[in-house]
Each structure stands twice: as structure tokens, then as C-alpha cells.
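Colleague: Attaching a single structure in C-alpha cells format; questions to follow.
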């Protein structure tokens, strides 16, 4: 691991926006535009974005039994840590941080970016649970009267560890921020990264999320909540968003990173521009710790549309939060109906948790990456089954086969979370305008 030079003598004063970016404006046509120049994903459907999207389009499910979780089908990532990290690095990293770094490395390489020591590049990551594997092992060791917890258990389990480790491994000296808003954590990280660039504090944001909690203690607590799918047949299709008879989701792990960049900065260096983040909206239901409410979700959706300067009719594709819980899907369908009206009936809606499971804190970033690829490929990924739509959650769900998004310029990705934390991203096809 490369040793960074001493920071002795460097100024500790906050840098803030550079002089040429200090004037803020609310004029949409003059504010700094934020584009996506790189993607990185690690999931149960593959170790890179291309494999992930191809499997989604082909209707492949990554949900399968886990050897350490008898009776529970989950989306787990198969990789050998020693193939990617040194022994000294692994000594300091929980699995969640490993996934974060793997996805960030991909994204930065795809963007052709060299972020080391660039103070106008930041890292913003979402994570809900932190280092669950290390924490579970530490408790087992402590209460089992064995040799006790690992020396670095505390920093390895904190929810900021993925963001910190990405900064360390990439050598990013700009700000490093962590967000923990349950299932909207990484969507918030992307939205806040966009704002940091738009407001002039950063030129580049390495934004995303990571989650890895597939350990018996944590999974057992999720089972107690009664939100995990109990499939009657094939476990891989137990998560059936917006359909009649749905009963929950499958937990999964994974990470996703988007390189966000000020548009002129990206164009000046000849970076590939995959899409533009044009809108971001957040809200809180202010209602209940677990039960969602459509009114709160509507606020986030409308905020995102207003931020993008778009009308609902201009959204041609929706990547739904779609957890396949009875209450969750009904609330989301209701919020979409309130905002979109009859336009919802002809707007292709993808619910990709049916294939890759629910990654909790990293789901927003993973699904944002999928949405970027959907616009680039002009294809809306399907759920891997055919079923009857619930009349209480009527949406135009893409089922069985992908659907064309030819001519679609704007898509929306929803992330709704426990505690009523809502985050919505508007992602637009790259244009020269």
C-alpha cells in the first residue's frame, strides 16, 4: 500500500469553493451541470456493470441459498478477497469496505480519472449497517469467551468505513462524506455529490454506496420484521414487486459507484459522458418508522422534478424502489399515481430488486447505475417472471422481456426508506446542449 507524504506544513483552513466558483446562482440555465463519467458495480449478478445489466435484461436472478444462512435465499457476491487486496489491507477492511473499494476502482478506471491528491475531488458514500460481518464475529468472540474482538473492530464496523477506505485506496484528499438513511443512503450520497459539484465545492464526486450484512444475527432480525420473501416455489423469483400475492424481498449485498463530474471539466479532459444527473429530491414522511406514506414520497418526487425543470410527462422510464412488500408497493404506486396521473399507465417501470435483491444502503446507487445503463442501451430491464399486477398497485411493470426506451430522454430512480427517508434522482440522456 502506497505511503502518502507527510501533511506537515499544509494549510488546515477550509478550502470551500475555488474563487472562480464562489458565485452561487439559482438560475437553472447557468448553474453547473453534473454528468456521469464512470460506473462500477459489484453484485450478485456480476462483478461489473456490463455483466449486471446483461443479466438483468436476460431475466437472470442472482438470488440463491447461502451456505451460512440455512433456509434463506439471498443475493451474495462470490469473490476471493485475497485476489484484490493485500493481507495488510484486509486486516483493516470489513467485507462492506472491500465491496465499496472494488466498485470505486472500476468507476474511476472507466472514467479515466486520476483522483490522487486532488482536493476538488470528493468521496460520498452511503451505508446503512456498516461492518456487519466484523461486528458479528466480534460479538461471537466476546460472548464465546474466546480471544476477544479484533484490534481494529471499531473502525472496521463504523458506517463511514466504506467512504474512508475508498478515499484511502484512491488517495483522494478532498472531502469524504458518509450518509446513513437506511435504504435511501446511497441515493442521498449521489444527490448530495451532485449538489456539491453544482454549488462549486467540487469538480468530481466519487459517489455511491455499499452494504454487506448477510450474517445470521442481522438476517435473523430482518426475519423478525416479517418483510423477507417466503416464496411458494422457486426461491429465485420470490421477490415479486407490484404483483398480487407478493410477500417481501430477498436481502442482498453489493456496491455501486458513480463518478460524477462537472460537465465542462469532463469535456475538457475528453471523458466519456454516460448521462446527466438533472434532478434530486428528498423528503421525510414524518409518519412512521417502518410504514411508508405516499404523501411524503410525493414531496421527494415533485422536488426532484422541479430541480430538473421537468414535467411528469417528460419522464419516460421509472426504476421503482419496488420492495415487494404489500404496504411498500401500494404506497409507491399511490405516490406515483398522484404525481403522474394517467401518464403512469404508459411509463415503463422496472423493479430490479426482483433480480438482484435488496441491498439496503447500496440499493439506490446500484439502481441509479442500472438506470444510467437503461438510458444508454435504450432498454428497460424486466422482472424475471410473468404475473398478475395487484389492482391496488397498478403500474406498467416491465415483465418477462426488456422493453424499448427508444426516444426516452429522462428517467427517474426512487429510493424510499425506513424512517420515512425518501430520495429521488432524475437521470437524463447525455445531450450536447
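Residue numbers (the working numbering): 743 to 1175.
No residue lacks a Cβ here, since even glycine has one placed at the ideal position from N, Cα and C.
(1) Can you check DSSP and say which residues form a bridge with residue 1115?
(2) Out of 903, 876 and 885, which has the shortest C-alpha to C-alpha gap to residue 893?
(3) Mind checking whether residue 991 and residue 1065 have CB atoms under 8 Å apart?
(4) Please work out which residues of its chain come closer than 6 Å, Cβ to Cβ, to residue 1055, disregarding the five sequence neighbours upstream and downstream, and give them in chain order.
(5) Residue 1061 lies in the beta strand (DSSP E); which residues open and close that run?
(6) Straight-line CA distance for residue 906 to residue 918?
(7) Bridge partners of residue 953, per DSSP?
(8) Does DSSP classify residue 1159 as helix, strand or coil?
(9) Do you know whose CA, among 1112, 1124 and 831, lies nearest residue 1142's CA?
(10) DSSP has residue 860 in a bridge; who is on the other side?
(11) Please list the terminal residues of the continuous alpha helix (DSSP H) segment that includes residue 1143.
(12) Roughly how many angstroms lie between the CA atoms of residue 773 and residue 932, to the nearest whole one?
(13) Grouping DSSP H, G and I as helix and E and B as strand, with all else coil, what is residue 936?
(14) Restricting to Cα atoms, I'd like to know which of 1146, 833, 1165 and 948 is closest to residue 1120.
(15) Check whether the region 1027 to 1043 and the region 1125 to 1132 touch, using three or more Cβ-Cβ pairs below 8 Å as the test.
(16) Between which two residues does the alpha helix (DSSP H) harbouring residue 797 extend?
(17) Can you give the beta carbon distance from residue 778 to residue 1002, rounded, assuming they're within the 8 Å contact cut?
(18) According to DSSP, simplified to helix, strand and coil, what is residue 697?
(19) Hey, residue 819 and residue 785 are a contact pair by Cβ (cut 8 Å); roughly how many whole angstroms apart?
(20) How long is the line joining the alpha carbons of residue 867 and residue 926, rounded to whole angstroms?
(21) Select from 1116, 798 and 1159 the residue whose C-alpha is nearest the C-alpha of residue 1152.
(22) Under DSSP, the alpha helix (DSSP H) around residue 1047 begins and ends at which residues?
(23) What three-state label does DSSP hand residue 1165 in the structure shown?
(24) At a cut of 8 Å, does the region 823 to 832 reach the region 1005 to 1020 through at least three beta carbon pairs?
(25) Which partner residues of residue 1122 appear in the DSSP bridge assignment?
(26) At which residues does the beta strand (DSSP E) containing residue 781 begin and terminate?
(27) Can you find at least 3 beta carbon pairs, one from the region 1062 to 1077 and one from the region 1015 to 1022, that sit closer than 8 Å?
(28) Which one of 856, 903, 802 and 782 has the shortest CA to CA distance from residue 1011?
(29) What is the residue span of the beta strand (DSSP E) that residue 806 lies within?
(30) How would you call residue 865, buried or exposed, if buried means at least 16 neighbouring beta carbons within 10 angstroms?
(31) Between 781, 775 and 776, which lies nearest to residue 999 when the distance is taken from Cα to Cα?
(32) From the DSSP secondary-structure annotation, give me the bridge partner or partners of residue 1152.
(33) Of the residues 1049, 897, 1098 and 929, which one's Cα is nearest the Cα of residue 982?
(34) Does DSSP put residue 1083 in a helix, in a strand, or in coil?
(35) When the Cα atoms are used, what is the spatial distance from residue 1158 to residue 836?
(36) Helix, strand or coil for residue 908? Go by DSSP, reduced to three states.
Modeller: Answer, in terms of the structure:
(1) Paired residues: none, contrary to the question.
(2) Selection 903, 876 and 885 evaluated against residue 893 yields 876 as nearest (Cα-Cα).
(3) In this structure, residue 1065 lies closer than 8 Å to residue 991 by Cβ.
(4) Cβ contact annotation for residue 1055 (same chain, cutoff 6 Å, sequence separation greater than five): 1085, in chain order.
(5) DSSP places residue 1061 in the uninterrupted beta strand (DSSP E) bounded by 1059 to 1061.
(6) Cα-Cα distance, rounded: 7 Å.
(7) Here residue 953 is bridged, per DSSP, to 996.
(8) Assignment of residue 1159 by DSSP, reduced to helix, strand and coil, places it in the coil class.
(9) Considering only alpha carbons, the answer is 1124.
(10) Residue 860 pairs with nothing; no bridge assigned.
(11) For residue 1143, no alpha helix (DSSP H) run applies, since DSSP gives it neither H nor E.
(12) Inter-residue distance for residue 773 and residue 932 is about 18 Å (C-alpha atoms, whole angstroms).
(13) When DSSP states are grouped into helix, strand and coil, residue 936 belongs to the helix group.
(14) The shortest Cα separation from residue 1120 among 1146, 833, 1165 and 948 belongs to 1146.
(15) Output reads no: the region 1125 to 1132 does not touch the region 1027 to 1043.
(16) First-last of the alpha helix (DSSP H) with residue 797: 791 to 799.
(17) A Cβ-Cβ separation of about 6 Å places residue 778 in contact with residue 1002 under the 8 Å criterion.
(18) Look at the range of the chain in this structure, 743 to 1175, and you will see that residue 697 is not part of it.
(19) Contact flag correct, Cβ pair sits at about 7 Å.
(20) The straight-line gap from Cα to Cα measures roughly 11 Å.
(21) Taking only the C-alpha atoms, the option nearest residue 1152 is 1116.
(22) Note, residue 1047: alpha helix (DSSP H), 1036 to 1050.
(23) When DSSP states are grouped into helix, strand and coil, residue 1165 belongs to the strand group.
(24) Result no; under three Cβ-Cβ pairs closer than 8 Å.
(25) DSSP output for residue 1122 lists 1145 as bridge partner(s).
(26) For residue 781, the enclosing beta strand (DSSP E) has its first and last residue at 776 to 784.
(27) Touching, no, given that fewer than three Cβ pairs across the two stretches are closer than 8 Å.
(28) Closest option to residue 1011, Cα to Cα, is 856.
(29) It spans 806 to 808 - the beta strand (DSSP E) in which residue 806 sits, taken as one unbroken run.
(30) Sixteen is the threshold: when 16 or more other Cβ atoms of the shown chains lie within 10 Å of the Cβ of residue 865, as they do, the residue is buried.
(31) Its Cα nearest to that of residue 999, the residue 781 stands out among 781, 775 and 776.
(32) In the DSSP assignment, residue 1152 is bridged to 1170.
(33) Sorting 1049, 897, 1098 and 929 by C-alpha distance to the C-alpha of residue 982 places 1098 at the top.
(34) Correct three-state label for residue 1083: helix.
(35) Taking C-alpha positions only, residue 1158 is separated from residue 836 by approximately 26 Å.
(36) The answer is helix: DSSP assigns residue 908 an H, G or I state.
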